[in-house]
Structures are given as C-alpha cells and as structure tokens.
Amino acid sequence: MSVLLLPILLPVLFGIVLLICPEKWFAKKDTGRKKLCILAATALVLTGLLVVRTLFLKDVGEYYILFYLTRKLPVQFHLDGIGKIFATVISVVWLLAGIFSFEYTKHEHKEKRYYGFYLILYGVLNGLCFAGNLVTFYLFYELMTLVSMPLVLHEQTREALIAGLKYLFYSFAGAYMVLFGLFCLSRFCLSNTLTFGAGGILDPTLVEGHETLLLVTAFLMILGFGVKAGMFPMHAWLTAAHPIAPAPASAVLSGVIVKAGVLGVIRVVYYLFGTQFLRGTWVQYTWLTLALLTVLMGSMMAYLEKGFKKRLAYSTVSQVSYILFGLALMEPAGFTGAVLHSVFHAIIKCALFLTAGAVIYKTGKKNVDDYRGIGKEMPITIWSFTFISLALIGIPPASGFISKWYLAAGALESGIRGFAYAGPVILLISALLTAGYLLPITVRGFLPGADFDYTKLEKKEPSALMTVPLVILAVLAVLLGMFPNGLAQMISRIAAAVM
Amino acid sequence: MNFICNFPCFSIVLCIFGGIISSALKGRAAKYLNAFILAVVAVMSACVLGYTLQTGESFTYVMGRFPAPWGNEIRAGVLEGGMALFFSLIMILSLFAGREKLNEEVDPEKMNLYFIMINLLLSSLLALVYTNDLFTAYVFVEINTISACGLIMIRQTGRTIEAATRYMIMSLLGSGMLLMGICMLYDMTGHLLMENIHANVQILAESGQYHIPLMVTIGMICVGLAIKSALFPFHTWLPDAYGYSTVSSAAILSSLVSKGYIFLLLKIIYRVVGFDVIYGSRVTDILFVFGLAGMIMGSLSAIKENDIRRMIAFSSVAQIGYIYMGFGLGTQVAVVASVFHILSHAATKSLLFISASGLVDASGGSKKFIDLTGSGYRNKIAGVAFSVGALSMVGLPLFSGFISKLLFAQAAVRNSGKMLPTLIVLAISTILNAIYFMKTVIRIYTPVESEYPVIPVKRHKVFGLAMVCFIALNVFLGLCSDLVIRLIETGLSMFA
Amino acid sequence: MGANLLSNYGEAVAMILFGIGFSNLLFQRNLIKKIIGMNIMDTAIYLFLAEKGYIAGRIAPIIIDGDQSVERYINPIPSGLVLTGIVVSVSVTALMLSLTIRLYQRYHTVDLDKISTMLQKEGR
Amino acid sequence: MNPIFLLVVILIPLLGGVLIPFLPFRSRKQFEIYTEVVVIMASALVFLLMLKRPSDPFTLIYFTGDLTISFRMDGLSMVFGGMIAFLWPFATLYAYEYMRHEHNPVGPRHERSFFCFYTMTYGITLGIALAANMLTMYCFYEMLTLITVPLIMYTMSREAILATRKYMYYSLGGAGFAFIGLIFMIVYGNINFQYGGTLNPDLIGNRKNLLLLIYVMAFFGFGVKAAVCPLNSWLPQAGVAPTPVTALLHAVAVVKSGAFAILRLTYFCFGITFLRGTWAQYLVMTAAMITIVYGCSRAVKETHFKRRLAYSTISNLSYILFGATIMTPLGLTAALAHMLFHGIMKITSFFCAGAVICQTGRTYVTQLDGLGKKMPRVFGIFALSSFALMGVPGLCGFISKWYLASAAFESNQVLACFGVGALLISAILTAIYMLTIVIRAFFPKQGFDESSLEGIHDPGLYMLIPLFVFSAVIIYFGIHSVSLLDFLTKVGNGLI
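Protein chains in written order, with my numbering: chain A, 513 to 1011; chain B, -3 to 492; chain C, 4 to 127; chain D, 17 to 512.
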C-alpha cells in the first residue's frame, strides 16, 4: 500500500507545505531562493526514488482499496506495466524540468506558488498512473486539471488568464464526457466497481441490447480524454495554453499532461471496453479519422507557425495524435508503437520546450525568424536541440524512428480498408513536415548565411542548471532509440495481455 | 308548545317596537336601547338554536289563530336560529367597534334615526330568516331595502345620497321581479305558505303542466334576489354604497344585508320550489356563470382600485360570487359550502371594513393607499386585524376563508361537469386576492421615512376589544369548522 | 294560444305594463321618470293580482246581510296583497322622491349620470 | 418517545421566536444567547426524535371530516428535518455577525424582529418536515410563505419590497394550484402520506388523464417554491434579502421544502406506480431538465455574486426534481442525497458570499479581484464548495450526482439518459461560473494594485466556525458516505 501511496502523498505534502508557509520565509534575496529550490529538489528526488523503486516490484495482482465513495465505488490503486512506464517517464521529465526551472524562474514572480503546484501536480500524476479503477482515475484527472491551471496562468497577464480559463473549460468539458461514461459503464460491467481489467470488463449479458448506448459512451469517453490529448476538434486550448506558461511548465504540460489523456484512452479502450467490443465499429473508424486529421493538421499548422513555443505546441498536437492513431488501430504492434511513442515524445517534447525556454531566457527572442546564428551563441543548447529534432522526425537510429516503425507496422497489420495504407502515408508526410518545421532552426542557427555579421555575437550559453537537463534528455532520446528492446518487449507483453 | 317557540316572533316584534320607540328618544338613549335589544335578540336566538338542537326538529309558529293555509306562519330550525344568532352578534360587534366613529360622522340629533334604521334592519333580517310566508318575506325585503338605504345616506354627503339612490333603484328592480315571481307562484299554486307551495310545485313538476311559467317564475325570483344581493353584473351600486357610508353601516351592509337576501333565496330553493325542481331547471347555471364571472371581475376591479374601502367593497363582490357559485354547483355539499361561506365572509368582511377604518383614521383620514403607508405601525391592533382578515380572504389555513375554499373545492370536484372551470377560477381568484390584499398588507407595514403626523387614536380600547372578538370569531370558524358544518347540515336537513 | 291570450287579456296587459315599468326604471336617466317607471311596474303587479283574485259574477268580499257562503264573494287574499303592496310602494316612492329632492338641491339636476360625473369632479 | 414531542419540537422555535420582541434583553449578548439556546434546544430535540422515533402520529386539530392537522416522523421527515436541524444553529450563529453589518432602516428592535421571524421560520419548516398528511403540509407551506416575507423585505428598500411582492404572488399562486391537488387527493384517495401512493384505484376509473393533469398542476404549484422553469424568476430577485436569509432560506429551507413537497406528492400521494411512464412524468421530467440547463446558463451570464449563486440554486434544485421524476426508489434516494448535499454546499458558498459582502461591501463578481489573498480562509472554503458543486470526486457533490445518474440509467428510460446529459452540461457550466470567481479572487490580473484592498481581512469566528464545520462536512461525506447512503436507500425504498 505505502509503496503506491507514498509517491502520491509525499510531493503533495511538500507542495501544500510550500503553499501555506508564509512568503517571508523565502523573502531573502538569494538564500531564500536557495532554500526554496533545495526543498523542491529534495521532494523531487525523493519521490523519483520512490517511483523508481516501484519499477523493481512485480505487477501486484490485488488492488489496494483506500476507501469507499459509495458502497459500489472504491478509491483503489494498483500497479501494472503501463502505470510503471508512465510513472517512470513522468518522474524523469519532472526531475529534469524541475532542475531546469531552478534557473529559469529566477525572473519569475511568485516562485513559491509555482513550485508548490509543480510538486502537487507531480503527486497527482503519480496517482493517475497507479489508479486502480476508473473512479480513482477520474478523481486524479480532475485534480490534475485544477492543479495544473495555476501553472498555465502563472504569468497572470490577460492572455495568460484567458488561456488558463480556456484550458480549464476545455478540460472540464472533456472530463464530463468521461463522467458520462463513468455513470453509464457502472451499470454494464462485471464487477460494477469499474476496476481496470486487462482486455475489458464489460458484462456481455448486461450489454445485450444496449450496444448503441455503449458505443456512444465509448466515443464520448475517447473524445473526452482526447481533449487532454489535444485531439481534433478539441485541440484549440492546447496551442493557447502551452506556449503561455513558463517554459519548464509548458515543457511538462506538453510532455506529460497530454499523456494523461493518452493514458486515459488506453485505460478506457483496453482495460474497460476491451478491443473486441470496439474493433470494427464506427467508433474505431471515426477515431482513426480524427487522429489522422489531427496529425496532418497539427504538423501543417506547426509548419506555418512562426512563434517558437507555439510551433512546438502545434507539433505536440500532431505527435500525440500519432499515439492516438496507434491506439485506435487496436493491434499489438500499434499499441506498442503508441506507448513507445508516448514515452519518447514525452522526453523529446520536454527537451524541445526546455530549449525554447533557454533561448527565450537568454536572448528573449520568441520568433523563429530571429534565430539566425543562434547556434553560435549557445552551441550546447542548439546541438542538443538538433539531436532531439532528429529524434522527433524519426531519423534512425534516434528514438522516434522505432516508435513510428511500430506504428506503421501496426497500421499495415490491422488491414482496415483505407486506413491500413492511408495511415503510414500520412505519418510519412507529417514526418517530412516535422523536419520542415524543426531543422530550419538548426540550419539557420549554425549557418546564418553570408550576409550575417558575426561581430555582434556573444556567448549566451546558459548555466549548467539549464544545459545539463537538456543534454541528459537529448542523450536519452538518442539512446532509447538505439537500445529499445527492453522497453519494447515489456510493452508488447502488456499488449499481448490486453488483446 | 314550549315558551321558547315564541321567541322568534318576540324578537322581530321587539326590534320593530325598538325602532318606533327610539324615534322618540335622544341619540344616546336610542343607542343604549338598541344595544339592549340586540343583546336580548342574541339571547333569544341562542335559546331558539339550543331548543331546536335539543328537540332535533324545527317548529312552526302560527301568527294569530288562523292555521295554514290561510294564516301567517313563522318557522324556526337550527339554521334559522343559528343565522339569527350570528347576525345579531355581527351587528353588535360592528356597532360596538364603530361607535366612536359614528359620533364623529353622524350629527347628534340624527343619531336616533340611525338607530331606528338599525332596529328596522335587524327586524327585517330576522323576519327574512324566520318567516314561512312568501309575501311577508317580500314586505320585509322592502323594509330591509329602505332601512339599508337609510344606513347608507345617514352621512348626508352627496356621495352617500347618490349611492343610496343607485342602491334603491337596483334593489327596486330586484324586488319588483321578486314580487312578480311571488305573484306568479301564487297564481299557479294558490298559496303563500312555503310548505303548501312546495307541495303544489311538486305536483306541477311531476304532472309537467305549467312548465314554462314555472321556469320563468324561478328565474325571476333568483335573478331578483341576485340583483338585491349584488351578484356580479348587478353590483354597480355596491362600491359606492359600502365605500362612503359610515364604517358600521359598511360593515353591517356588506356582512348582513346581502346575506339576508341570499338566505331567503336558500329558503326558496329548499322549501318553496324544492331542490330537485330548481336544479332540474337550468336556472341555477345562470347563477353559476355569473358567480364565476363575479369571482374574477370583482377581484380585478379590486386590484385596479386605489381606495381601500372601495377595494374591500369590490372584494365582497367577488365573495358573493363564491356563494352563488356554490348555489350554482347544485349539490348538497356545495350549498353547505355556500352557507359556511356566508358566515365566514360576514365575519371577515366586517372585520376588514372596521380595521380599514382604523387604519384610515391613523393616516389622517385619507383612504388612498399612498397615505396608508406604515399605518400598521401607527395603529397596531387595526393592522393585525386587517392582516388576519386579508389572510382569511386569501384563504390561508387556520382562518375561516380556507375552510370555505376547501369545501367549495371539494364540492366542485364531486360535480364532474363543472369541476374544471370551478377549480381553475378558484385558483385564479386566489391569486388575485393574494395580489391585492397582500399588496395592502405590505403597504401598511412599510415604514415611512418622513415621520407621519399621527392622529392620537383615542378609541383604542373599544376598538381593540371588538377587533379581538372579530379575530377570535374568524379563527373559531377556521378551527372548529367541523361543529359549524354539522350545524349547517342538520339545519338544511330540517329544511327539506 | 291566441284564445288563451284573449281569455286572459288582463294578465297579458299586466305583463306588458310590467315590462314597460321595468325598462323605464332601468333605462331612464331622469330620476323622476325612473320613479314613474317603478310605479307603473308595481301597478302592473296589482293589476295582475286583482285579475287573479276576481271571479266573474261575484261581489267584493264584504259580508252583506249575514250570507257567509263562499260562492258569493271573490277571493279576498289577492285584494289583501294588493293593499299591502300599495302601502309598500307608496313608502318606497316617498323615499325615492325625498332622495331626488336632496340630490336636486345639491346638484340642480335630476339626471343621475350627470350627478355622478359631478361627483367625480368633486373627487370625494 | 411520546408523539406529543412532535408538536413540542415545532412549538419551541415558534414560541421562542414570538417571545423575542417582548423579552427585556439588557444586552445584545443575552439576546444572542437566548436565541441560540432556543434553536439548539429544538435541534437537539429533533435529533433525539430521530434516534427514538415515535411510531404513531400526533393529531392536533380535526378539520371537517377526516381532515386533520397531524404530525408523524417517517424517513423523509428525518432526512429533511435532520438537515434543517443541523444547519439552523450555525446559520443563526452566522446571522449574529452578519446582521451587525446589515443596514437597518427602522431601529434596534427591527433586528430583534428579524431574529424573531428567523427563528419562527425554523418551527414552520420543521412543521413541513413532520407533516403527516398533505393538508398539514399545505398549511405549513402557506405559513412558510408568509413568515418569510418580513425577512425578505428586511432592508425595506424599494427593490426589496418589489421582490417580496413577487415572491408572495408567486408562492401563493403556486399554492393555489397545489391546493387543487390537495382537493383531489381528498376526493380520490386519502391525504395521509403513505409510501407508494394513496390513490384509490376503483375511484379513478376512466379519470386517469384528469388525475395526471392535476398531478402536473400540483407539481408546478409546489414547483414555484422549488423554482422550476418557468416559475423561478422570484428566486434571484429575492436575493436582496440579508445573506443569512438567502443562504438558509433560499438555498435550503424554503426552496427545499418546495422540492420536499414534490417528493411527497410524487411518492407518497399519487404514487410512482400510477405515474411512471405516463405523459405527466415525461412532461415534468422535461421541465426539470430544462430548468437544470436554464439556471446554469443564466448563472454564467449573471455578474451579481449572490444572484449568480441563486441561479445555480435554481438549477441544482432541479437536480432534485429530476431525481424525483425518475420515479424509482433509487431516484428518490438520489433526490434525497442531492437535497442534503446541495443544502450543505450551497449554504457554504452563500455564506462565503455573505462574508465578502459584509467585510468589503462588494456584491459584484467583477469586484472580487485579488480578494483571495486578503480573505484566504473564506475563499479557500468557497473554492472547496465550488469544486463540490462541480462534482469533483472526493467531495459530496459527486456522490449525489453519481446516484442521480445511476438512477437515471437504472430506469431504462431514454429521456432519463438525456437527463444525465443535462446534468453534465450544467456541470461544465457550473465549473465556468464558479471557477471564474475563484480564479479572479486568487489570480488577479498582472499590475493589479493590492493597495485598494487595504484593511480587508477574514471575518470573525461567528462566521468562520460555520464555514469550517460545513466544509468539514462536505469533505467527510465526500469520502465516507456509505452509511448515510444506506440509510437514504432504505428511505427511498420506503423501509423507514
């Protein structure tokens, strides 16, 4: 029990402490900040260790029931492969982004609040990974929305507030679609505690005669979680909310929070409804269509977008829909690809945003066109950026390649008329677009062109607190691509279990 | 022949002589004489009530030595006794409450005239209640009219005289029709005593001859009495008559005079024409429709009214509509409801008029709403009394109004044909009542910023006492309705 | 029907008179005319009663040389009613007239509607 | 316990309240202590009664026939009465501090009279809760309307008076239609509440549609107090009343008694077996759903703090009605659950609004920027209550939503599933209109000057204690509602 509860409660506790303890503790010019950072860092590291510890436990069969909401609704936790994977990725990203932000938030206001919510959010996300049934998942999902909101509107400028509200209302709209499913499913499941069970827990006898209702429900739930995952048509909040947040925050938002949506979809499709109920229904086709649409649209928008962070946000939209596409295929390979991609994308996108953060932090330039010769100014940053972009585009041997390979394979295996071929093609196109909107930055960064005067360049390399996380992430992005087997096998085992 | 059997006759005669004597007396003396007479009458009626209750059957009293079918008879049952008692009580209370006010409004040397009128009015009411002879009824109807006219015009202002004139004209129309009807009945049956007419009418109804004349007669009588008791389309005289006469007059007129006619109509329905015959004819549907119309129109014009007394007057148009609606429903239950409403309305309406006058005095004699603002604080007892009356009118539980509403509605539901219209109109008129009465209540309890020039309310004790009695009566009718209703039922059973 | 009418022409006339009087009392705006209408109405009723009470070929119900046989006299009750009615109507007429006089003294007209409008102007 | 206590528990606050203006209090303290003691005594007695329930009813008055004023304590009464009894002492405590700041037009005694009526309302509401038959409930229902009138127009401002009038007309009018229902129950069944309905099948015959029509009438009649569309415009307007009134009466006592009456009407008079699957059910259910969405959308548009909450009350009340109109035992359970939980949540948020008003005098949402820093406790609790209203799991709002939805799905009616949709739409709207406030309070726009908020701080203990207690309750029932819900399920199945 404690194994699962500690990683949830510990950061939440730290965060609350941070929030309620009076300002003046950290008022002093630099020692105050130091105290704050140290506190946050310890929390992050401790929790990280706790999470990593769960990796070495074998999947626990039984469910830890915390308490009962109603007689039928326990709040319960359990540990399974998916949970482990996501938890680990989250911890890594969180730790690194945290370290990055120690430097970054120097010129931010209300740091105490920032770190407080940052930590609480971390705990909530762990809860999301370890949730044992839909209700628990939903509980943490709502909490996540509420807690991440302060990070979005941290700047408290007008557009920040608006973006925050937009984020909030989109997410709640999605959440309530999920809630509808929650209400509805509780009637049609084997054990109406809505406990996740690999391969679905629908009770065929009860389902008899209510297929339409259930399909509608399934669609609503997918759409609902799709909101967080920025799936078309509910993606508008993402491109508004992610760029506006402080860079580290947007890094975790874009890298991890969206994955919460993905996790939700996985839980719903593979652990509640079960693929055999959904496969071949209009739900699957609509879902595939939406996913592909989003992939294409996202990357195109990113290609057209000039603002750096905004471009990254659009790329998130498209990339996450790769994952959704993979999940929608309902094929082992597709599943594997999807999960792999969500891992890689988490790392990659986090790194990209951190880069953006670093650049903005140092130069203050937000627009891509101003990045000529920036590579000369901050070489380490831009080099890591380059590697990461390669990974995202999917140039072998970097990580993106692996996941996309699986995805394409899955699409071909699935043999769904139309999508089997349309899928890979679209993936390819969007990969090219990805290259189109990422590489120019590097190219212009290092090769500003003949008419560029190198005289007014000066070293702007940020401090180790910023570069180290970047480099680590870059290395990870590449290494995971070179040695993906362990992870891939683990995931395919899960895939076999759920299908 | 028990001695009590003489009481009805005694009370009538007593009142008449009281009237005659007080013509020779000074104002105060007349007042005391009148009070005494009222008290005696009340006691007598109480005795009659008790006696009939005890024996369990009604008795007839032959005037002179001529037996039926020639003689003139008086008949008393539970209902008659009860009515007589109730009327005299209301009259005592109204006069008691309005006494001081009277001294202001009526000049002293005319005071005794006022009490002549009162006595005659009472006598005629008693006669209407007790008599068993149609033509006597007619005569006393006229006496009633005349004395009521006197009560209206006692203040001698232009308004009152005009009102009196209008009143006279309308009621003369009514009594003309009534007289015609009586004569035709006499023509068809050859009798004037109620039982005999009843018997013959039954025969006629069974044999089916003289059908049309019979219907015409019934119609004439009903409409005539309806006019005299201000049923909706014939109510034009009412607001002025009630609105401008002295407070006691208004209270008495609104609560008693019209009720006397209604009671006569009741007797005619039951004891002359016969329940089945009258409801066999569709005449009562006219009453029903007019009643419903009255319930709505009366309230509407009350809402438009800007003068508290006239507003209350209009509301009694609506209430009379209720009563006729009950008659029109044409079931035993409905009639019981109507009779009960006669009582409750009498109690409530006089309460309202008198308390309103109290409020008006506390507001410098102006009857406009705008001036009444906050008068509830200046004359507390009147404010409370008015609120009670208003709530009872709106039909709030624990007050008499609620019970009659309840009875009406139950009766309506039992009569499937007229159910929905009745219920809808009941609900609507409840809302309308609420609108204008509650508006007034809020108004009188709204504090005024500019401190009002409060007139010292001198007649507080008497007034307050009367008010308390009225409230008590109202609540009694509201709570112990079961008793009252059983009385009414037994009385009606004695009728048939 | 026609025969009926002829045989009961008295009642017919009474009814017509009643109608006339009634409508006068109702529709005349002049108070005096109203009063006249009222009297016509009452008279019609007396006529009706008398007609009812009269039996052809008999004498008024006043006992002459001790002959008390019913066949000789007409029905006395309607006559009694008529007398009573006359009394009532006289008193009512008197009252109405007095009211009219008072109104005339105040407003110098006997038109009821005019009087009402004046009162409206007075606003009391 | 002896049934007489059922009467006693109603009389304690009634008499205690009536005495307040007459007792000679030397200091405000004494007066506060006195009132609090009265209220707490009553509440304690209620809880005692709930523990040791008198099995047989207590009859106070016999009206005509079998109509009685009588009290009984069954499951439903326990739920409603228990809620009232729990909330009232805290609300009174809160009112002490609030009323100090409230503008008082008349004088110190005016405040006394406020508490007098406030306490009496408690008794009346208990009367509604403990009523054993429809007549009793109707009586207390009407009284509730009147007794709350002085509370609403406490400030005596023009708009207050207008609001009061509107409230009164709406309620009395609604009662007029409910009255029709009452009559029909008298005639076609009996009025004593009994789970499963008391209609007499052989009386119904071919009148089924008529009775359904009457049910709809009565539903909307009572629905006026429960603010069902389209009869709800009085509720936001009545927000001019002092916050203790708006919070306790217009979020809990009054409006809930409307909902309570509808529950009684549906489950205990007409009976779900008679109503289920008829057009009447679909009609009322649709009305409830429309109201749910309507209220929320109006709340989003509204910028006046209390009025916004009032609109949200409107929609939440219709959650209860929706549960009621599902017409299954589970539906009743859900309705009761939401009745309790919404009571707590809404009174909490209203109290927060009141605290803001009396600390800062700000009444519009747009004026709340940055107050979260100055009044952290109040706004923290407000945030909590808004999360609860949105239905975040782990807070009590979620539980009742869950039950409503599962009841809807159990009932196998398509319309009910759409109802769930309506619930969720209103949930998102709730998120919008509540969280905008929270965000404003905690995250003011950049460059917002704190200096304008100098000297603003959290209110005193009188206000904070209730807030803390309520928020504790919200959380407690959010995470541990099993035992309570078991009880409610028993009630819903008519086992208690």
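Every residue, glycine too, gets a C-beta built ideally from N, C-alpha and C.
On a predicted model such as this, the values are computed, not experimentally measured, just so you know.
Looking at the secondary structure, which residues open and close the alpha helix (DSSP H) in which residue i lies?
| i | result |
| --- | --- |
| A:Val774 | 770 to 778 |
| D:Glu466 | From DSSP, D:Glu466 is part of no alpha helix (DSSP H); its letter is neither H nor E. |
| A:Ile886 | 886 to 889 |
| C:Thr46 | 34 to 56 |
Find out if the Cβ-Cβ distance for the pair residue i, residue j is shorter than 9 Å.
| i | j | result |
| --- | --- | --- |
| A:Leu841 | A:Gly738 | no |
| D:Gly355 | D:Gln375 | Here residue 355 of chain D turns out to be Met, not Gly, going by the sequence shown. For D:Met355 and D:Gln375, no; Cβs fall outside 9 Å. |
| B:Ser251 | B:Ala352 | no |
| C:Tyr110 | C:Ile118 | yes |
| A:Gly527 | A:Phe589 | no |
| D:Met233 | D:Arg292 | no |
| D:Cys368 | D:Leu483 | yes |
| D:Tyr204 | D:Arg223 | yes |
| B:Gly379 | B:Ile440 | yes |
| A:Ala903 | A:Phe856 | yes |
| D:Ser402 | D:Thr446 | yes |
| A:Thr893 | A:Ala870 | yes |
Given that a residue counts as buried once 16 or more other Cβ atoms are within 10 Å of its Cβ, and exposed if not, what is residue i?
| i | result |
| --- | --- |
| B:Lys300 | exposed |
| B:Ala358 | buried |
| A:Gln796 | buried |
| D:Trp104 | buried |
Mind listing the chain B neighbours of residue i? Cutoff is C-beta to C-beta under 9 Å, in chain order.
| i | result |
| --- | --- |
| C:Glu125 | Gly154, Arg155 |
In the DSSP assignment, find the beta strand (DSSP E) that holds residue i and state where it starts and stops.
| i | result |
| --- | --- |
| A:Pro1041 | Chain A is shown only over 513 to 1011; residue 1041 of chain A falls outside these bounds and no answer can be derived. |
| B:Asn68 | 68 to 72 |
| B:Met59 | 55 to 59 |
| D:Tyr78 | 74 to 78 |
| D:Thr84 | 84 to 87 |
| A:Phe579 | 576 to 582 |
So which residues of chain C does residue i contact, with C-beta pairs closer than 7 Å?
| i | result |
| --- | --- |
| B:Met176 | Phe21, Ile48 |
| B:Ala160 | Leu102 |
Going along chain D in order, which residues have a C-beta closer than 7 Å to the C-beta of residue i?
| i | result |
| --- | --- |
| B:Ser477 | Phe79, Thr80 |
Taking only beta-carbon positions, decide if residue i is within less than 9 Å of chain G.
| i | result |
| --- | --- |
| B:Glu138 | Given the protein chain composition of this structure (A, B, C and D), no chain G is represented. |
Could you name the residues of chain C that residue i contacts, counting a contact when the two beta carbons are closer than 8 Å?
| i | result |
| --- | --- |
| B:Phe131 | Leu84, Thr87 |
List the residues of chain D whose Cβ lies closer than 8 Å to the Cβ of residue i, in chain order.
| i | result |
| --- | --- |
| A:Ala685 | Ile444 |
Under 7 Å Cβ-Cβ, which residues of chain B neighbour residue i?
| i | result |
| --- | --- |
| C:Ile118 | Glu158 |
List the residues of chain B that residue i touches, going by C-beta distances under 8 Å, in chain order.
| i | result |
| --- | --- |
| D:Glu158 | Leu392, Pro393 |
Check the Cβ of residue i against every Cβ in chain A and list those closer than 9 Å, keeping chain order.
| i | result |
| --- | --- |
| D:Glu426 | Arg699 |
Legend entry - Inter-stretch contact (C-beta, 8 Å, three-pair minimum) for the region 43 to 60 of chain B and the region 291 to 306 of chain B: no
Inset, instruction - Inspect the CB distances between the region 601 to 608 of chain A and the region 670 to 687 of chain A and report whether three or more fall short of 8 Å. - result: no
Inset, instruction - Count the C-beta pairs between the region 359 to 366 of chain D and the region 295 to 304 of chain D that are closer than 8 Å, then say yes if the count reaches three, no if not. - result: no
Legend entry - Three-pair Cβ contact test at 8 Å for the region 17 to 36 of chain D versus the region 179 to 199 of chain B: no
Legend entry - Stretch-stretch touch, CB-based, cutoff 8 Å, three pairs: the region 174 to 184 of chain B with the region 272 to 286 of chain B: no
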